[in-house]
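Q: In the numbering used here, the protein residues as written are 7 to 166. Beta carbons are placed, not taken as given, at the ideal position from N, Cα and C, and that holds for glycine.
1) Work out the CA separation of residue 96 and residue 16 for me, nearest whole Å.
2) Residue 138: which of 156, 111, 153, 122 sits nearest, CA to CA?
3) Less than 9 Å separating the beta-carbons of residue 68 and residue 30?
4) Looking only at its chain, what residues have a beta carbon closer than 6 Å to the beta carbon of residue 149, apart from the 5 residues adjacent to it on each side?
5) Taking one C-beta from the region 71–90 and one from the region 125–137 each time, how about it: are there three or more such pairs within less than 8 Å?
6) Helix, strand or coil for residue 107, going by three-state DSSP, please let me know.
7) Can you give me the C-alpha to C-alpha distance between residue 58 and residue 24, rounded to a whole angstrom?
8) Any idea what DSSP makes of residue 7, helix, strand or coil?
9) Of all the options 156, 158, 123, 159, which has the alpha carbon lying nearest to the alpha carbon of residue 144?
10) Quick check for students: name the residue ranges of the alpha helix (DSSP H) that lie wholly in the region 67–148, counting only runs of 4 or more.
11) Let me know the secondary structure DSSP gives residue 15 once reduced to three states.
12) Since I believe residue 53 is in contact with residue 154 (beta carbons under 8 Å), could you give me their beta-carbon distance rounded to a whole number of angstroms?
13) Counting only the same chain and skipping the five closest in sequence on each side, list residues whose C-beta sits under 7 Å from that of residue 119.
14) Spatial neighbours of residue 7 within its chain, please: C-beta separation below 8 Å, excluding the five flanking residues on both sides.
15) Below 7 Å CB to CB, which residues in the same chain sit around residue 106 once its five sequence neighbours on both sides are set aside?
16) If I follow the unbroken alpha helix (DSSP H) through residue 38, where does it start and stop?
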């Protein structure tokens, strides 16, 4: 609690989003991070925009790290890692999405519930250009987190 009330709160949140983007955070659903942050840190414009900025930057950095690992290490390398909790069958399904929809699927998957980040690995395996991946990943994350923030703020306004 003291970390949340300190000047370190956004840095802690940044670290959480890096882990979430790299698909290494399994103890809390990513759909709860921005609404939970707004609940704990405040939901005025002075808190909303820094939280969204930290969310987009952190998640994009985490996804880019996983993207680069997929690009360099390959499919089999990732599937052998215990921390990579995506099955071969699920990865094949997401490969199919990437093959069908191309790079735009990165933005789409990042903007949808339950598929966040799932096209990161297929994009890396397809050797997508780094800058393009970063831009599409950040855009999808911005759409997703803004929608969640909007739903939270709408819900708060309804309650008060």
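A: If we stick to the structure as given:
1) 33 Å
2) 111
3) yes
4) 117
5) yes
6) helix
7) 13 Å
8) Residue confidence is low: residue 7 scores 49 on pLDDT, short of 50, so the model does not pin down where it sits. Its coordinate-derived value is still stated next. Coil.
9) 123
10) 81–86, 94–107, 110–116, 126–131
11) helix
12) Contact flag wrong, Cβ pair sits at about 14 Å.
13) 37
14) In this predicted model, residue 7 has a pLDDT of only 49, less than 50, meaning its place in the structure is not dependable enough to derive any value.
15) none
16) Run containing residue 38: none; DSSP gives neither H nor E here.
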